[in-house]
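Asks: Pasting a structure here, questions to come.
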Amino acid sequence: MSYSVKYASVLYSPFRDAAYSKPAFGDRRGYQMDPRNAYEGLKEARLDIEEGADILMVKPAHTYLDVIRIVKSTFPEYPLAAYHVSGEYSMIKAAAINGWIDEKMVVLEITTAIKRAGADFIITYYANDIANWIKEGVPF
6 MSYSVKYASV
16 LYSPFRDAAY
26 SKPAFGDRRG
36 YQMDPRNAYE
46 GLKEARLDIE
56 EGADILMVKP
66 AHTYLDVIRI
76 VKSTFPEYPL
86 AAYHVSGEYS
96 MIKAAAINGW
106 IDEKMVVLEI
116 TTAIKRAGAD
126 FIITYYANDI
136 ANWIKEGVPF
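Dropping the structure here:
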């Protein structure tokens, strides 16, 4: 699996903070894609395929649903992963803790949107929760 379409995003911050992996200087925008350019991901995905990638990935997922759709439509024969990153998880978790949203229902809505956009599978910090909710009968 290649990190084909990885956008420069502040949504990686919670993970970087927890892993103490924030750059000491500068940032990662030099080798991550410009969030304003949806089609740069196609070029990167094509290059990864030429280099032997068997699975493509878009990261972050929720804020790049359009890119998931574009990549899947262009390369339908390749499995497409969507990575729902730490910042996306943290926003939902914070809103749920504060009572602003129903956590289960918003996770269902967001993961459904990611799947509907074209993801064949979703990498998410909510994986264990989703598995438990399915056991409880939440319709995922």
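Per our numbering, the sequence shown runs over residues 6 to 145. Every residue, glycine too, gets a C-beta built ideally from N, C-alpha and C.
For a test of the three-state rule: what should DSSP assign to V111, helix, strand or coil?
Replies: helix
Asks: Where do the ends of the beta strand (DSSP E) carrying I127 lie?
Replies: F126 to T129
Asks: State the beta-bridge partners of T89 as determined by DSSP.
Replies: Sequence check: residue 89 is His here, not Thr. Partner residues in the beta bridge of H89, as assigned by DSSP, are T129.
Asks: Any contact of the region 88-97 with the region 123-135, i.e. 3+ C-beta pairs under 8 Å?
Replies: yes
Asks: Measuring alpha carbon to alpha carbon, tell me which of G104, V72 and T117 ends up nearest G46.
Replies: V72
Asks: Does the distance from the C-beta atom of A66 to that of I127 stay below 8 Å?
Replies: yes
Asks: How long is the line joining the alpha carbons of E56 and W105, rounded to whole angstroms?
Replies: Between the alpha carbons of E56 and W105 lies a distance of about 45 Å.
Asks: Quick check on V143: does DSSP put it in helix, strand or coil?
Replies: coil
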